[in-house]
Structure formats: C-alpha cells, structure tokens
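Those letters in the sequence shown? Residues 0 to 122, per numbering that gives the first Met the number 0, in order.
We put the CB at the ideal spot given by N, CA and C, even for glycine.
Predicted, not measured: the structure shown is a model, and the values here were computed from it.
Step one of this worksheet: look at the structure below.
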Amino acid sequence: MIKLSTIFCALLTLLLGSCAYDKADEIAGPKVPCTTPEVVSYSVSISPLLTKNCRTCHNAVLVTGSVNLEDFSVIQKYIRSGELMGNVKHLPGYNPMPQGGNKLSDCDIELLQKWADAGAPNN
0 MIKLSTIFCA LLTLLLGSCA YDKADEIAGP KVPCTTPEVV SYSVSISPLL TKNCRTCHNA
60 VLVTGSVNLE DFSVIQKYIR SGELMGNVKH LPGYNPMPQG GNKLSDCDIE LLQKWADAGA
120 PNN
C-alpha cells in the first residue's frame, strides 16, 4: 500500500518542477551592450581589471600556479598562447579563472579580448 506522504511528495515534486524555466535568458531580460574604449589601455583598463580579479593569487609574492600577473612579459606570454582568454572564458581544456570564483563579466572579457586582439600593448 502506498503511503499518503509518498503521494504528497510526488505531487509536490511535480508541481515545483513545473515552475522551472528552460531558458535562463528569458528570465534575465535583454543583454546590455558593453561599451569599451576605442583603444584599450593596459595601464587604465587591463591592469586594474587584473588587480581586481587575478592578482590576489597570481602576484610576485604568491605566484600561484607559477603565474605572476604583475610581470607584463608573463601576461603577454599567456595572451599570445591564448591561455589567458581560454581561462577567463572558461573554455573546455583550460583552467576556469578566477578559480573558485565567479566568471568575469561579459564586458570584462570583451575588454580583455579587445586588448588581446590589438596585440596586448603595454600602453
């Protein structure tokens, strides 16, 4: 004999499951476009972004994962190899960064990509 509590739990599960959305973008609403400067400056835009999101672990003192993102030549190495962008975009085969944290915003990733596409100048 089936218990009344089992039937109640099954009905409750069905009811709550029917409230879910299949597409998260329908809930979030329209995407706000990013506004990036015409020329992305390392000193004005990229360095502060790295300080805010990366350098708490990847600095000259900690050098987590043997990566020091305070050293511009190291940053350029990771940009040129595609590893920095693969990591921050959470692409398959890369280490999602920041590790244990939220993915960078689409606008921050777009800013980094624009700078990388320009050759990652030290400007």
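Per DSSP, what kind of secondary structure is residue i in: helix, strand or coil?
{"i": "Met84", "result": "helix"}
{"i": "Met61", "result": "For the record, residue 61 in the displayed sequence is Leu; it is not Met. Here Leu61 sits in coil by DSSP."}
{"i": "Thr55", "result": "coil"}
{"i": "Tyr41", "result": "helix"}
{"i": "Pro36", "result": "coil"}
{"i": "Lys189", "result": "No answer is possible for residue 189: it lies beyond the span of the chain, which begins at 0 and ends at 122."}
{"i": "Ser104", "result": "coil"}
{"i": "Asp116", "result": "helix"}
{"i": "Pro91", "result": "coil"}
{"i": "Leu68", "result": "coil"}
{"i": "Gln75", "result": "helix"}
Whole angstroms is fine: what's the gap from residue i's alpha carbon to residue j's?
{"i": "Lys113", "j": "Asp70", "result": "20 Å"}
{"i": "Pro95", "j": "Val87", "result": "6 Å"}
{"i": "Asn52", "j": "Ser46", "result": "10 Å"}
{"i": "Ser65", "j": "Ala117", "result": "26 Å"}
{"i": "Ile78", "j": "Ala115", "result": "6 Å"}
{"i": "Pro29", "j": "Lys102", "result": "20 Å"}
{"i": "Thr63", "j": "Val39", "result": "27 Å"}
{"i": "Lys76", "j": "Leu111", "result": "14 Å"}
For a test of your reading of the model: does the CB of residue i fall under 7 Å from any non-hydrogen atom of the ligand ATP? Yes or no.
{"i": "Pro91", "result": "For the ligand ATP, the structure offers nothing, since it holds no ligand at all."}
I'd like the list of long-range same chain contacts for residue i, defined as Cβ closer than 7 Å, with 5 residues on each side in sequence excluded.
{"i": "Pro120", "result": "Tyr41"}
{"i": "Asn67", "result": "His57, Asn58, Ala59, Val73"}
{"i": "Pro97", "result": "Asn52, Cys53"}
Beta-carbon within less than 8 Å of residue i's beta-carbon, same chain only, minus the 5 sequence neighbours each way: which residues are those?
{"i": "Tyr93", "result": "Glu82, Gly85, Asn86"}
Quick one: what's got a C-beta closer than 6 Å to residue i's C-beta in the same chain, skipping five residues either side?
{"i": "Asn122", "result": "Ser40, Tyr41"}
Inter-stretch contact at 8 Å, needing at least 3 Cβ pairs: the stretch 98 to 117 / the stretch 30 to 42 = yes
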